[in-house]
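Chemist: The structure follows.
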Amino acid sequence: MPSHPSRRDLFRLAGAAAAVPVLASCAGAPTTQSAAPGTFTVYWNAGHDYQAYRKVIAEFEQANKVKVNLQKYQWPDLRTRLLADFASGTVPDLVEEPGGWVQEFAISGNARSLQDYVDRDGEAMGFPSDWQPVTVERNSYQGKVYGVQLHLTCNTLLYNQAMLRDAGVAVPTTWEEFLDAAKKLTGDGVHGVALNQDYTYLWPWMVQAGVTPYDPETGKVMTPIADAVAALQFQADLVHKHKVAPVPVSGTDYSGPQKLFSAGRAAMILTGPWDLEPIRKTSPDIDLGVAPPLKHKVAATQAAGVSMFVPAKAARPDLSWDFIKRVTALDVERAATKETGMLMPRVSWAELPEVRSDAALKVFADALPDARDSSQQVRLTGKLGKWEEALKVMYQQVLIQNQPADETLRRFAASAESFLK
Amino acid sequence: MFRPRTLQGRYARTAYLFLLPAILFFAAFFYLPIGNVVATGFRTGPMADQWAGLDNYGQALSDPAVRHSFLVTAGFAVMVVAGSIVIGLALAMAIDQPLRGRVLFRVLLLVPYLTSVAIVGLLWRNILDPELGVLNRVLGAMGLPGQTWLNTAPLLTIAAVTLWQSVGYTMVLFLAGLQGIPETYHEAAKIDGADAWRRFWRITLPLLAPTTLFVSVMAVISGLQAFGQAYIITGGGPGDATDLSVFHIFNVAFRTRDFGYSSAQSVLLLIVIVAFTLVQLRAGRRGEVTY
Amino acid sequence: MRRPLLYTLLGLACLVTVLPLLYMVSLSLQTEAETLAADAVLWPDAPQWGNYAELFARAPFGDFIVNSLVVAGCITLAHLLFDPLVGYVFAKFRFPLRNTLFVALLATLMVPFFVRMIPLYVLMANLGWLDTYQGLITPFLMDAFGIFLMRQFIQPIPDDLISAARIDGASELRIYRSVILPQTRPALAVLGLFTFVFQWNEFLWPLVATSTPEMRTIPVGLTLFNQEYFTLWHLTAAGSVILFVPTAVLFVLTQRYFVRGIALTGLK
């Protein structure tokens, strides 16, 4: 069979393929990212590419005569990339992080202390005086500031006003009222409430029950444990005993309850402001109500939200700090809120007239002072990863697999106490 | 230059000459990094810069989470390896018949393999969602009860999704192997009066041995290294029901940032996979036939 | 024989493989609200072709496609060049340490890629190859999968063919090119297709080895359409369809080689 031409072609092509890397490498050694003189590299969450920040970037480029390379990632991908960067020593100039990484990287020596800049510019920019106290504490290590909070969020109660009205249910304020409402709202393809498969949604319940996640003094985990068990069992009972919530499905995102709410299949969800936009966008007909966090023993909720930090090996920390200052200015916060409804960490933001006059924003803003960071004490031990892994397993075993909260939580506590000390 | 005197020596020299680029390439991009991984297994700390001796190995061997993830992985691999060989071979033999539209069948059956594990994962996560997924909508329309497979049989479910994607690929490999079996063998056997079942065991299977060996070795290797299914679909849950080894190791490395511990676990996993592969190769060598 | 049964079973199998992918196409044509509807939408009333345009408007999707084609294409050609040669050596030559080298080669398949990733990243950073094509291509020029595959397919070729060529005085490289390679067409088609598909869908390395949006490949570029807390399903599905088309086309083009079997080319 005369198959020679095609075979020769194959060889030629393959030869060309082998030549590509060689040729390309002759084309000139490209520069590593931080060393590139005219480029300022920022790692950013793909969901936070706001117009308000684009404007700041344009001004920053103009003022400092640099080009900003805004690299957008999902959080797990951003972390993978960043850890590879730390290993190689080629780091970006500034990193946005999802909360918790600042202290972790301060401990490991990968984050730069910003205390010198805070000492110099703090008063003029209102840091830390104008930031909610929890946001300063969670970004400090050994008395020094390593990161600056960009957004501050917290969990509250979102509800479908029409459903509550039709069922003649008042907006619940306590756990008991919540259970009662959920029972009345359940039926006809609608769940009274939808719970999240993600373990971080455990924390509002725990802090409302007055539970301390970890006490470094005594080395005890989840104290008082009886209250922790009761809080956990309460959630599992919503699903398995009272059947007012669907069994969550384990996964990798947090959007399950929001989707059910948007679809009109859940009357209430306990979540943060990140779910407002998708609900309003995909289901504009839903009469969305926002209520303060539930109260139990304590008026409290879980704090969350992103911060920024500067890698220790970043070449131009002056520029990085300038970026931080610009992007956290009150006007920028105001513009970002107007654009996306995101909540901001400045105390003066919570007092802005447009925040006070917005029904949803006002509720969140009022809850922020009661927001706690539940993993801070664990983070400072450097064992947060292991803790989160064990917590996730325990939470899903109870909430999804209906294992008894008492036994499962105590087993988790015993194991955590041994690896945290 | 060295000139081998024997014929055998000359072949050996040719062989090494042909192998030279490969040896250099694998040294630079595989053995050097793998050596680095082995070295990291003896260190600890977030930058893996403190000496730890055998601590990581000792810890891995006594860690119930590590043991659990190995068991989960073994269960997953058994389902996927058995499934892909049996179903893949069955489909290949079906399609090897002179059927109308066999080209279409061949194309349609391989189609899922052409897209990425991540997309397949996202797609099935969406389809299987008990509340909003399209599968329960369809089941409901047919009057059937809805499924909650991701909660009731999570490991089986992700194994099934994996098979859904990869069985076309084993089918193609078996098909290429079947094409290589000369028709004369079957003809001769038919004349001898052997029925289809006999011909399958006596001719097809033995002559397919190199392909079967390849498929089973690769299936074991990839089954034991499955990752994307847990990373995308279940997040390792519910609880730790789908905490596949490599997913576990990934989390130890990139979430917990304990590269020393994750490297030690990778080395242990490597040892397990090498052992399995050696056994298979040995068994395969016995099964190989020459014309 | 039992033809109807065979057709039915194969038909059912094809439905199982194809329907979920059709649903992906359906998702890519829905509005965002439809992707989140209480009752999943099987097929949208008004297909939103604009979703595809939106992809290109939101990100340099054209660049992603070019990058993916260059990277996966170059790697595939390199595999077609190298893997059969090495596979041939392991299949047909006897030389010291052959089995040891072969097991050492297979062992490279047994370390998950991410475990090697950080040392590889450091190497590429030192070479200054991050964010370049050679950085994306070089680490994947060969792999044990392709070599193993070729070895298995070359093994059944009768040794007599090789000996005869040697007696005729053909050089070793010539034997490989004129005797061995023509026999391996179906295997080369399989190798080329699988290598391309694998590299085309590769995620982790392009994620860490690129730094500018213009260098990203499609799978990495697709992550841009996820928000912090939720996925834009319609856009993700549209991107997935785009990702899927070239591999499907390549498959349809190559699949006929799988059947034109070894038997045709004179192996008896």
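Chains as they are written, first to last, in the working numbering: chain A, -5 to 415; chain B, 89 to 379; chain C, 260 to 527. A virtual CB, placed ideally from N, CA and C, is assigned to each residue, including glycine. These figures come from a predicted structure and were not determined experimentally.
Are the beta-carbon atoms belonging to residue 302 of chain B and residue 352 of chain C less than 9 Å from one another?
Modeler: Here the question's residue 302 of chain B lines up with position 214 in the second sequence. Here the question's residue 352 of chain C lines up with position 93 in the third sequence. No.
Chemist: Measuring only the C-alpha atoms, how far is residue 268 of chain C from residue 274 of chain C?
Modeler: In the third sequence, counting from the first residue as 1, residue 268 of chain C sits at position 9. In the third sequence, counting from the first residue as 1, residue 274 of chain C sits at position 15. Taking the straight line from one Cα to the other gives about 10 Å.
Chemist: How is the beta strand (DSSP E) around residue 209 of chain A delimited, first residue to last?
Modeler: Taking the first residue of the first sequence as position 1, residue 209 of chain A is located at position 215. Counting along the chain, the beta strand (DSSP E) containing residue 209 of chain A begins and ends at 206 to 209.
Chemist: Please look up how many angstroms separate the CB atoms of residue 414 of chain A and residue 193 of chain A, rounded, as I've assumed it's under 8 Å.
Modeler: The residue you call residue 414 of chain A lines up with position 420 of the first sequence. The residue you call residue 193 of chain A lines up with position 199 of the first sequence. Not confirmed; about 17 Å, so no contact.
Chemist: Within 9 Å (strictly less), CB to CB, does residue 321 of chain B reach chain C?
Modeler: The residue you call residue 321 of chain B lines up with position 233 of the second sequence. No, its Cβ sits nowhere closer than 9 Å to a Cβ of chain C.
Chemist: Does the stretch 258 to 274 of chain A come within contact of the stretch 177 to 192 of chain A, defined as at least 3 CB pairs closer than 8 Å?
Modeler: yes
Chemist: Please report the Cβ distance between residue 411 of chain A and residue 213 of chain A, rounded to the nearest whole angstrom; I am assuming they are in contact, meaning their Cβ atoms lie under 8 Å.
Modeler: Locating residue 411 of chain A in the first sequence gives position 417, where the first residue counts as 1. Locating residue 213 of chain A in the first sequence gives position 219, where the first residue counts as 1. Yes, they are in contact, since the Cβ atoms of residue 411 of chain A and residue 213 of chain A sit about 6 Å apart, within 8 Å.
Chemist: Can you check whether the C-beta of residue 184 of chain A is within less than 9 Å of a C-beta belonging to chain B?
Modeler: Taking the first sequence and counting its residues from 1, one reaches residue 184 of chain A at position 190. No, residue 184 of chain A does not count as interfacial toward chain B.
Chemist: Could one say the Cβ of residue 135 of chain B lies closer than 9 Å to chain D's Cβ atoms, at least one of them?
Modeler: No chain D appears in this structure, whose protein chains are A, B and C.
Chemist: Short of 9 Å Cβ to Cβ, which residues in the stretch 340 to 362 of chain B face chain A?
Modeler: 340, 341, 342, 343, 344, 345, 346, 347
Chemist: Pick out whichever of B/135, B/164, B/116 has its Cα sitting closest to the Cα of residue 244 of chain B.
Modeler: As a working mapping, residue 244 of chain B is identified with position 156 in the second sequence. Considering only alpha carbons, the answer is B/164.
Chemist: With 9 Å as the threshold, decide whether the Cβ of residue 213 of chain B is near any Cβ in chain A.
Modeler: Sequence index remark: in the second sequence, residue 213 of chain B carries index 125 (1-based). Residue 213 of chain B counts as touching chain A.
Chemist: Rank B/249, B/95, B/294, B/184 by C-alpha distance to the C-alpha of residue 267 of chain B and give the top, closest one.
Modeler: To locate residue 267 of chain B, count along the second sequence from 1; it is residue 179. Among B/249, B/95, B/294, B/184, the Cα nearest to that of residue 267 of chain B belongs to B/184.
Chemist: Are residue 46 of chain A and residue 333 of chain A close, meaning C-beta to C-beta below 9 Å?
Modeler: On the first sequence, residue 46 of chain A is found 52 positions in, with the first residue counted as 1. On the first sequence, residue 333 of chain A is found 339 positions in, with the first residue counted as 1. The answer is yes: Cβ separation under 9 Å.
Chemist: Given a cut-off of 9 Å, decide if residue 505 of chain C and residue 395 of chain C are closer than it, judged by their beta-carbon atoms.
Modeler: Numbered from its first residue, the third sequence carries residue 395 of chain C at position 136. Numbered from its first residue, the third sequence carries residue 505 of chain C at position 246. Cβ distance not < 9 Å, so residue 395 of chain C and residue 505 of chain C don't count as in contact.
Chemist: With a cut-off of 9 Å, does the C-beta of residue 306 of chain B fall near any C-beta of chain C?
Modeler: Here the question's residue 306 of chain B lines up with position 218 in the second sequence. So yes, residue 306 of chain B belongs to the interface.
Chemist: Please identify the residue among B/350, B/345, B/318 whose C-alpha is closest to the C-alpha of residue 99 of chain A.
Modeler: Within the first sequence, numbered from 1, the residue matching residue 99 of chain A stands at position 105. Looking at the Cα atoms, B/345 is the closest of the given residues.
Chemist: Within the chosen definition, does the stretch 112 to 128 of chain A reach the stretch 69 to 79 of chain A through at least 3 CB pairs nearer than 8 Å?
Modeler: The stretch 112 to 128 of chain A, when compared against the stretch 69 to 79 of chain A, does not touch it at the 8 Å Cβ threshold.
Chemist: Tell me the DSSP secondary structure of residue 141 of chain A in three-state form.
Modeler: Here residue 141 of chain A is taken as the residue at index 147 of the first sequence, counted from 1. Residue state, collapsed to three classes: strand.
Chemist: So, do the stretch 301 to 310 of chain A and the stretch 77 to 87 of chain A have three or more beta carbon pairs nearer to each other than 8 Å?
Modeler: yes
Chemist: Using a beta-carbon distance cut-off of less than 8 Å, what residues from the stretch 237 to 253 of chain A approach chain C?
Modeler: 247, 248, 249, 252, 253
Chemist: Return the CA-CA distance between residue 22 of chain A and residue 382 of chain C, expressed in angstroms with no decimal places.
Modeler: Within the first sequence, numbered from 1, the residue matching residue 22 of chain A stands at position 28. Within the third sequence, numbered from 1, the residue matching residue 382 of chain C stands at position 123. Annotation note: pLDDT 37 at residue 22 of chain A (below 50); position unreliable, coordinate value reported separately. Just so you know, the alpha carbons of residue 22 of chain A and residue 382 of chain C end up roughly 17 Å apart.
Chemist: Check distances from the C-beta atoms of the stretch 479 to 501 of chain C to those of chain A and list, in chain order, the residues that come in under 9 Å.
Modeler: Closer than 9 Å at the C-beta level to chain A, one finds these residues of the stretch 479 to 501 of chain C: 479, 482, 483, 484, 485, 486, 487, 488, 489, 490.
Chemist: When the distance is taken between beta carbons, is residue 226 of chain A closer than 9 Å to residue 402 of chain A?
Modeler: The sequence position of residue 402 of chain A within the first sequence is 408, counting from 1. The sequence position of residue 226 of chain A within the first sequence is 232, counting from 1. Between residue 402 of chain A and residue 226 of chain A, the CB-CB gap stays under 9 Å.
Chemist: Identify every residue that forms a DSSP beta bridge with residue 171 of chain A.
Modeler: One-based indexing of the first sequence puts residue 171 of chain A at position 177. Answer is none; residue 171 of chain A lacks a bridge partner.
Chemist: Please state whether the Cβ-Cβ distance between residue 142 of chain A and residue 388 of chain A is less than 9 Å.
Modeler: As a working mapping, residue 142 of chain A is identified with position 148 in the first sequence. As a working mapping, residue 388 of chain A is identified with position 394 in the first sequence. No, the Cβ-Cβ distance between residue 142 of chain A and residue 388 of chain A is not below 9 Å.
Chemist: Helix, strand or coil for residue 271 of chain A? Go by DSSP, reduced to three states.
Modeler: Position 277 of the first sequence holds residue 271 of chain A. Residue 271 of chain A falls in the helix class under three-state DSSP.
Chemist: Counting Cβ pairs closer than 8 Å, one from the stretch 315 to 335 of chain C and one from the stretch 445 to 459 of chain C, do we hit at least three?
Modeler: yes
Chemist: Of all the alpha helix (DSSP H) runs that stay within the bounds of the stretch 323 to 376 of chain B, which reach a length of 4 or more residues?
Modeler: Within the stretch 323 to 376 of chain B, the complete alpha helix (DSSP H) runs of at least 4 residues fall at 333 to 338, 347 to 375.
Chemist: On the three-state DSSP scale, how would you describe residue 311 of chain C?
Modeler: Position 52 of the third sequence holds residue 311 of chain C. Residue state, collapsed to three classes: helix.
Chemist: Just reading off the beta strand (DSSP E) that residue 66 of chain A is part of, what are its end residues?
Modeler: In the first sequence, residue 66 of chain A corresponds to position 72, counting from 1. From DSSP, the beta strand (DSSP E) with residue 66 of chain A extends over 61 to 67.
Chemist: So with CB distances below 8 Å, who are the chain A contacts of residue 291 of chain C?
Modeler: Numbered from its first residue, the third sequence carries residue 291 of chain C at position 32. Here the neighbours are 275, 276.
Chemist: Alpha carbon to alpha carbon, how far is residue 153 of chain A from residue 256 of chain A?
Modeler: Numbered from 1 along the first sequence, position 159 holds the residue referred to as residue 153 of chain A. Numbered from 1 along the first sequence, position 262 holds the residue referred to as residue 256 of chain A. Looking at the two C-alpha atoms, the distance is approximately 11 Å.
Chemist: For residue 110 of chain B, go through chain C and note every residue whose CB falls closer than 7 Å to its CB, in chain order.
Modeler: Here residue 110 of chain B refers to the residue found at position 22 when the second sequence is read from its first residue. Within 7 Å Cβ-Cβ: 341, 345, 401.
Chemist: Measuring CB atoms only, is the stretch 251 to 260 of chain B touching the stretch 165 to 175 of chain B, in the sense that at least three cross pairs come out at less than 8 Å?
Modeler: yes
Chemist: Quick one: using the 10 Å Cβ neighbour count with 16 as the cut-off for buried, is residue 63 of chain A buried or exposed?
Modeler: Here residue 63 of chain A refers to the residue found at position 69 when the first sequence is read from its first residue. Flag for residue 63 of chain A reads buried.
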